[in-house]
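Structure first, then comments.
Numbering (our numbering), first residue to last: 4 to 627.
Following this line, the structure appears as structure tokens:
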């Protein structure tokens with residue numbers, strides 16, 4: 004293990020050295036451009052950050068000069084162009100919110116090179132840069148300082164302090180109060196430029212903390228961009244797979260941002276129910292992405308075009324229903340724009356067999372397999388390997404029965420042997436520290452899931468800048484028992500105890516095609532888990548047994564709530580910090596106790612595998 008880490012460290016140092024040499028070469032060319040224009044070049048490529056106004060700064064970047072940072076801000080390019088996580092930002096684009104928390108890889112802002120214009124246009128370009136700063140109320144002193152170092156090949160960026168309801172809500176919880184603050188480095192020297200950036204809300208950090216694009220990653224991205232922009236080869240479907248902690252999510256964001264430089268939209272299908280991108284955990288979803296992804300999942304929670312609440316962060320206990328859900332969501336893909344598919348990091352044993360089933364179901368045109376150089380966590384997923392290897396529910400070329408025996412799973416399996424799948428396999432070898440070591444991820448996966456849920460709940464906060472409202476101070480919706488069906492997904496609960504399970508729980512707000520009919524005032528219980536559309540999520544604040552009402556807190560808009568007729572309760576709990584940190588509560592905290600005996604029979608979590616044929620779901624009324 005130590006040898007593997009040493010090899011990974013050497014690759015990181017080589018990648019950093021290549022980045023420094025490219026920057027130095029670009030700076031020499033930049034300085035030479037000053038001489039060609041008859042101007043005195045700057046002495047050194049120091050970062051030019053000037054206070055533009057209260058809570059705002061102007062940043063001047065030479066060609067290919069970069070700033071790696073932690074924090075959050077609103078970014079607007081006033082002159083030239085810059086690149087951020089693959090997305091090119093020009094002066095014609097609106098301001099973009101940027102989030103670079105300490106829990107994730109730091110973002111890097113890089114000035115894009117531009118061809119030097121004829122000398123006759125230099126005056127007009129200087130006037131354009133000066134006019135852009137004046138239009139955005141940059142102080143005169145700042146304009147003068149920036150223009151003293153200005154060159155037509157530069158990029159001028161306006162950074163502004165950013166405060167959103169979502170970030171305010173997350174930062175109000177003590178465990179996340181320093182979310183956007185980097186780890187202190189006693190050896191660093193705090194410069195005047197650092198003070199300017201800090202006033203905006205960002206802190207400069209070492210380039211090694213940013214995204215390290217390996218050679219294999221660059222080649223794969225280049226080939227995928229070319230394939231997605233060619234119109235004569237059909238619409239590509241890109242499936243990204245690999246073990247945990249190999250950078251699949253970061254690769255997906257980078258790829259999507261690169262595609263958005265050329266295409267108006269990209270479809271994204273989330274099959275990793277443990278680490279979702281646009282939704283709270285436990286979901287399989289299909290989203291249409293039209294804006295760049297410049298932050299981690301908790302910063303861009305939204306309602307996908309199609310979403311199913313699976314109800315767990317792992318599908319190991321019920322793989323057949325997981326495949327049913329994947330198939331149901333994929334059926335909404337119209338093949339009009341490229342599709343990027345994210346998959347789980349479970350690639351060993353039955354996880355690999357399940358991945359083979361997914362490949363046969365979704366029929367990708369490209370597979371990006373991410374794995375480290377030093378050891379292979381999974382076999383190369385060549386078309387021949389997928390063709391010959393049996394999956395969890397599908398057979399290989401030479402096998403006549405499914406792995407689990409019994410009746411074949413006809414949803415995926417055709418008659419006879421299928422032909423060899425046709426897709427291009429691309430290998431990506433990540434070179435960041437601790438790559439491929441699941442136990443050494445930057446942040447525990449459970450914390451990331453809680454952050455996504457808090458980001459979703461942050462939509463309940465008022466849009467105007469102000470104090471954070473505790474969730475228990477918000478007014479919930481009243482939902483009659485008879486208006487919605489209820490189902491606990493992950494375990495069996497006796498009808499007499501169902502309300503104890505539902506109270507203070509996270510629920511999926513879903514719609515099933517059947518009409519809810521019951522002769523009493525409920526509750527209405529489903530005997531099987533449906534595969535149905537999920538419109539959003541909520542917290543059951545309370546249950547009134549006398550009035551037969553659920554009290555549900557949710558950011559789902561009223562026009563969508565009118566369609567909800569089913570509540571699904573899964574194995575995804577409300578984050579502990581929400582329950583423990585209830586403000587203004589004296590005495591015992593509601594729903595929180597320290598007096599719990601795990602030795603009592605039945606107090607632990609029940610696990611059971613469900614590799615069996617399911618019956619059609621039906622309704623059941625509780626008359627108790």
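For every residue, glycine included, the Cβ atom is placed at its ideal position computed from N, Cα and C. The structure displayed is predicted, hence computed values, not measured ones.
{"Query": "Which class does residue 423 belong to by DSSP, given the choice of helix, strand or coil?", "Result": "coil"}
{"Query": "When the cut-off is 7 Å and only beta carbons count, does residue 558 lie next to chain C?", "Result": "Going by chain labels, chain C is absent from the structure shown, which holds only one protein chain."}
{"Query": "Just grab the DSSP bridge partners of residue 536 for me.", "Result": "514"}
{"Query": "Smallest Cα separation from residue 113: which of 304, 69, 233, 476?", "Result": "69"}
{"Query": "Roughly how many whole angstroms lie between the Cα atoms of residue 198 and residue 137?", "Result": "23 Å"}
{"Query": "Taking all protein chains shown into account, decide if residue 478 is buried (16 or more other Cβ within 10 angstroms of its Cβ) or exposed.", "Result": "exposed"}
{"Query": "With distances taken from CA atoms, which of 300, 60, 266 is nearest residue 103?", "Result": "300"}
{"Query": "Under three-state DSSP, which class holds residue 569?", "Result": "strand"}
{"Query": "Is the stretch 269-282 close to the stretch 308-322, with three or more CB pairs under 8 Å?", "Result": "yes"}
{"Query": "With DSSP run on the structure shown, which of helix, strand or coil describes residue 492?", "Result": "coil"}
{"Query": "With H, G and I counted as helix, E and B as strand and the rest as coil, what does DSSP make of residue 192?", "Result": "coil"}
{"Query": "Can you tell me which of the three DSSP states residue 398 falls into?", "Result": "coil"}
{"Query": "Just to confirm my understanding: we take residue 372, look at its own chain, exclude 5 residues before and 5 after, and list those with CB closer than 8 Å. What are they?", "Result": "244, 245, 381, 383, 384, 428, 429, 430, 431"}
{"Query": "Using CA atoms only, rank isn't needed, just tell me which of 577, 142, 294 is closest to residue 544.", "Result": "577"}
{"Query": "Where do the ends of the alpha helix (DSSP H) carrying residue 373 lie?", "Result": "Per DSSP, residue 373 belongs to no alpha helix (DSSP H); it is in the beta strand (DSSP E), 369-373."}
{"Query": "Which residue comes first and which comes last in the beta strand (DSSP E) that contains residue 1?", "Result": "Past the edges of the chain, shown from 4 to 627, lies residue 1, and the structure says nothing about it."}
{"Query": "At what residues does the alpha helix (DSSP H) containing residue 329 begin and finish?", "Result": "322-333"}
{"Query": "Have a look at 296, 580, 95, 242 and flag the residue whose alpha-carbon is nearest the alpha-carbon of residue 460.", "Result": "580"}
{"Query": "DSSP three-state label for residue 545, please.", "Result": "strand"}
{"Query": "Looking only at C-alpha atoms, which of 131, 292, 58, 242 sits nearest to residue 263?", "Result": "292"}
{"Query": "Comparing alpha-carbon positions, which option in 74, 393, 582 lies nearest residue 163?", "Result": "74"}
{"Query": "On the criterion of 16 or more Cβ atoms from any shown chain inside 10 Å, does residue 548 qualify as buried, or is it exposed?", "Result": "exposed"}
{"Query": "At a cut-off of 6 Å, would you count residue 329 as near the ligand ADP, judging by its Cβ distance to the nearest heavy atom?", "Result": "With respect to small molecules bound, the structure shown includes none, and the ligand ADP cannot be examined in it."}
{"Query": "Only counting the same chain, and skipping five residues up and downstream in sequence, which positions put a Cβ closer than 6 Å to that of residue 513?", "Result": "535, 537, 569, 571"}
{"Query": "For residue 185, count neighbouring C-beta atoms within 10 Å of its own C-beta (all shown protein chains included) and say buried if the count is 16 or more, exposed if not.", "Result": "buried"}
{"Query": "Throw me the rounded Cβ distance for the residue 369 and residue 230 pair, which I believe falls under 8 Å.", "Result": "7 Å"}
{"Query": "Beta carbon of residue 541, beta carbon of residue 555: below 7 Å?", "Result": "yes"}
{"Query": "Alpha carbon to alpha carbon, what distance is there between residue 311 and residue 482?", "Result": "21 Å"}
{"Query": "With 16 as the cutoff for other CB atoms within 10 Å, does residue 467 come out buried or exposed?", "Result": "exposed"}
{"Query": "Please list, in chain order, all residues of the same chain as residue 592 whose beta carbon is under 6 Å from its beta carbon, the five residues on each side excluded.", "Result": "585"}
{"Query": "Would you call the stretch 518-526 and the stretch 482-492 in contact, with 3 or more CB pairs under 8 Å?", "Result": "yes"}
{"Query": "Which one of 240, 558, 294 has the shortest CA to CA distance from residue 628?", "Result": "Summary: the structure shown does not reach residue 628, with the chain confined to residues 4 through 627, and so no result is reported for it."}
{"Query": "Can you tell me whether DSSP reads residue 359 as helix, strand or coil?", "Result": "helix"}
{"Query": "When we look at the beta-carbon of residue 587 and count the other beta-carbons within 10 Å, is it buried (16 or more) or exposed?", "Result": "exposed"}
{"Query": "Less than 7 Å between the beta carbons of residue 71 and residue 210, yes or no?", "Result": "yes"}
{"Query": "In whole angstroms, what separates the C-alpha of residue 59 from that of residue 388?", "Result": "55 Å"}
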